[in-house]
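K.L.:
My structure is below; once you've seen it, I'll send some questions.
Numbering (my numbering), first residue to last: 1 to 554.
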């Protein structure tokens, strides 16, 4: 079997698995967020944090709860890292420096999981399990809570209440992420992923010196790392490490995990708004972009010029021979079109155009299918923009799901799509203009610029993957990337929740002959076009200076 055929067959198998999980998981999540009953363990949690899960919240109260919870998470994780040197099971590692502790705390609380450290050489078992792994669960649950709040904004009328943040967040953990991660961890352990609390031990000689590895609760963290589209690895090599991803099957299984919730949330959306066909339209948009990007990535990595690459049968530099070019291409596209950021190959070693595809996937806003929750609410905001464009074209007040898209709604949607590009481009310009950040670049020219652009794109879009080659463990990058992650996560959430509150307070608009049918393929095409055009107009100059220049010069 040739490598191209193997890649295509893996893609088809992945699509089949996602299709099988789509309806049951999507319906289950709709029931979770619509249920009026509370589990006993959930009642204990509410009592412990002093929250009333039955109190309806308007969007400002919902936002305050979200921000307070996230701020407490940042503070706890920061202190845990700063005290690591005196904690048990620290494996002898020292406490984390203040700037790196700040960066890591913000990174995991914002579901970014950017890592400017070597996991196996910096973090002990307590920080990994009680700190980082916990945030893998709750940060994903926060994203899903915001998405559900926006869906309720479309589904409800003449009320400003969006649900209860504490109930939505806790249910996301207890009823979706914990059971899913438990089952996934069992599969991973059965396939060879390690799960222990062993210390550092010598495993052999390497280039004249001893080679040492430490164990860890890797399978349990790997499961939620992918299922919650987190991406932070237990080891520096992330999912290219055999302890995290030992076989081609686990590689495909991990891709399935990082895609299954974002895709299935479109079914949840359709069920909650009372029209599954609306969910299918959003799903079709996400799937079109994802499949298109995957095909384009495979083409750039298989069909290329250069005698060395042609003899090798593909661009194998930086890729694991266990997985090959096809599987690595699927993983790279899936991890950058979601907010996962996990890697089974080094994106910096992809061809110039291949690296550009990973960048563009994040620049789209990671909405195809995006992160757990963030992908759905990002796509729904883009749907609002597309409906507005369609209304301008026919001279009619735009409507979406029975709600008028007026001045307030379009301003909030516009702010949502502008804040992240502003962070990326301004911080990239500052880093390139100042002398010190440029010293962290391992390459000059277009590729070096791509390293900086990729770092801020990854941070502001809460992806977390890196282009490699960039030394990000400096005070400048730890601080500015931390700020980009925080602002890139919470400012868009402000606009999303404000939009949800505005929509929930409206009266429903009756469907007429002039209403745009947003469940039809025509709207799907309009939505795909709007996403690509808006992103292209925003980022094309920056892409032209980096990956496009490198790809055309190769």
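Glycine included, each C-beta is placed from N, C-alpha and C at the ideal position.
Just so you know, these numbers come straight off a predicted model, no measurement behind them.
On the criterion of 16 or more Cβ atoms from any shown chain inside 10 Å, does residue 39 qualify as buried, or is it exposed?
P.N.:
Translated into positions along the chain shown, residue 39 becomes position 39. By the neighbour-count rule (16 or more Cβ atoms within 10 Å), residue 39 is not buried but exposed.
K.L.:
Rounded to whole angstroms, how far is the Cβ of residue 400 from the Cβ of residue 383, which I believe are closer than 8 Å?
P.N.:
Reading the chain shown from its first residue, position 400 is the one you call residue 400. Reading the chain shown from its first residue, position 383 is the one you call residue 383. Yes, residue 400 and residue 383 are in contact; Cβ-Cβ is about 6 Å, under 8 Å.
K.L.:
Leaving out the 5 sequence neighbours to the left and right, which residues in its chain are closer than 7 Å to residue 292 when beta-carbon positions are compared?
P.N.:
Counting from 1 along the chain shown, the entry for residue 292 is found at position 292. Here the set comprises nothing.
K.L.:
Please tell me whether residue 556 and residue 424 are closer than 7 Å, where the distance is taken between their beta carbons.
P.N.:
Outside the modelled stretch of the chain, which goes from 1 to 554, sits residue 556, for which no answer is possible.
K.L.:
What does the alpha-carbon distance come out to for the pair residue 276 and residue 225?
P.N.:
In the chain shown, counting from the first residue as 1, residue 276 sits at position 276. In the chain shown, counting from the first residue as 1, residue 225 sits at position 225. Straight-line Cα distance between these residues: approximately 29 Å.
K.L.:
Could you pull out every residue in the same chain whose Cβ sits closer than 8 Å to the Cβ of residue 13, ignoring the five residues on either side in sequence?
P.N.:
For the purposes of this step, residue 13 is taken as the residue at position 13 of the chain shown. So the list reads 252, once near-sequence residues are dropped.
K.L.:
Is the Cβ-Cβ distance between residue 283 and residue 266 less than 7 Å?
P.N.:
On the chain shown, residue 283 is found 283 positions in, with the first residue counted as 1. On the chain shown, residue 266 is found 266 positions in, with the first residue counted as 1. In contact: residue 283 and residue 266 (Cβ atoms closer than 7 Å).
K.L.:
Report yes if the CB atom of residue 285 is closer than 7 Å to the CB atom of residue 528, and no otherwise.
P.N.:
In the chain shown, the residue the question calls residue 285 occupies position 285. In the chain shown, the residue the question calls residue 528 occupies position 528. Cβ atoms of residue 285 and residue 528: closer than 7 Å.
K.L.:
Any contact of the region 187 to 200 with the region 89 to 98, i.e. 3+ C-beta pairs under 8 Å?
P.N.:
With the cut-off at 8 Å, the region 187 to 200 and the region 89 to 98 touch.
K.L.:
With DSSP collapsed to three states, give me the class of residue 399.
P.N.:
Position 399 of the chain shown, counted from the first residue, corresponds to residue 399. Here residue 399 sits in strand by DSSP.
K.L.:
Which partner residues of residue 58 appear in the DSSP bridge assignment?
P.N.:
Locating residue 58 in the chain shown gives position 58, counting from the first residue. Answer by DSSP bridge pairing, in chain order: 161.
K.L.:
Please tell me whether residue 116 and residue 136 are closer than 7 Å, where the distance is taken between their beta carbons.
P.N.:
Sequence index remark: in the chain shown, residue 116 carries index 116 (1-based). Sequence index remark: in the chain shown, residue 136 carries index 136 (1-based). Cβ distance not < 7 Å, so residue 116 and residue 136 don't count as in contact.
K.L.:
Just to confirm my understanding: we take residue 560, look at its own chain, exclude 5 residues before and 5 after, and list those with CB closer than 7 Å. What are they?
P.N.:
Limits of the chain in this structure are 1 at one end and 554 at the other, which puts residue 560 out of reach.
K.L.:
Within a Cβ cutoff of 7 Å, which residues of the same chain sit near residue 346, ignoring the five residues on either side of it in sequence?
P.N.:
On the chain shown, position 346 is the one that residue 346 refers to. Taken in chain order, the residues that qualify are 318 and 468.
K.L.:
Since residue 440 and residue 477 should fall inside the 8 Å C-beta cutoff, what is the C-beta to C-beta distance between them, to a whole number of angstroms?
P.N.:
Sequence index remark: in the chain shown, residue 440 carries index 440 (1-based). Sequence index remark: in the chain shown, residue 477 carries index 477 (1-based). Indeed, because the Cβ distance is near 7 Å, the residues count as touching under 8 Å.
K.L.:
In or out: residue 118 buried (at least 16 other Cβ within 10 Å) or exposed?
P.N.:
The residue labelled residue 118 in the question sits at position 118 within the chain shown. Result: exposed.
K.L.:
Taking 8 Å as the threshold, find out whether the region 237 to 250 comes into contact with the region 121 to 140 through three or more Cβ pairs.
P.N.:
Judged by Cβ distances under 8 Å, the region 237 to 250 makes no contact with the region 121 to 140, as fewer than three pairs qualify.
K.L.:
Please confirm whether residue 237 and residue 184 have their CB atoms less than 7 Å apart.
P.N.:
Start at 1 with the first residue of the chain shown, and residue 237 comes out as number 237. Start at 1 with the first residue of the chain shown, and residue 184 comes out as number 184. Against a cut-off of 7 Å, the Cβ pair of residue 184 and residue 237 comes out as no contact.
K.L.:
For the putative contact between residue 338 and residue 358, defined by C-beta atoms under 8 Å, what is the C-beta separation to the nearest angstrom?
P.N.:
Within the chain shown, the letter at position 338 stands for residue 338. Within the chain shown, the letter at position 358 stands for residue 358. Their Cβ separation, rounded to whole angstroms, is 12 Å, which puts residue 338 and residue 358 out of contact at 8 Å.
K.L.:
By the DSSP assignment, the alpha helix (DSSP H) with residue 88 in it spans what residues?
P.N.:
One-based indexing of the chain shown puts residue 88 at position 88. Neither: residue 88 is in no alpha helix (DSSP H) and is coded neither H nor E.
K.L.:
Please work out which residues of its chain come closer than 7 Å, Cβ to Cβ, to residue 74, disregarding the five sequence neighbours upstream and downstream, and give them in chain order.
P.N.:
On the chain shown, position 74 is the one that residue 74 refers to. 105, 106 and 109.
K.L.:
Hey, out of 289, 34, 480 and 484, whose CA is closest to residue 557's CA?
P.N.:
The structure shown does not extend to residue 557, since the chain is modelled only from 1 to 554, so the question has no answer here.
K.L.:
Mind checking residue 156: buried by the 16 CB within 10 Å criterion, or exposed?
P.N.:
Your numbering for residue 156 matches position 156 in the chain shown. Looking at its Cβ environment, which holds 16 or more other Cβ atoms inside 10 Å, residue 156 is buried.
K.L.:
Select from 515, 261, 496 and 538 the residue whose C-alpha is nearest the C-alpha of residue 66.
P.N.:
Walking along the chain shown from the start, residue 66 turns up at place 66. If we check each option's Cα against that of residue 66, 496 comes out closest.
K.L.:
Can you tell me the Cα-Cα spacing of residue 96 and residue 353, whole angstroms?
P.N.:
The sequence position of residue 96 within the chain shown is 96, counting from 1. The sequence position of residue 353 within the chain shown is 353, counting from 1. The alpha-carbon atoms of residue 96 and residue 353 are separated by roughly 37 Å.
K.L.:
Reducing DSSP to helix, strand and coil, say where residue 548 ends up.
P.N.:
Here residue 548 corresponds to residue number 548 of the chain shown, with the count starting at 1. DSSP places residue 548 in helix when its eight states are reduced to three.
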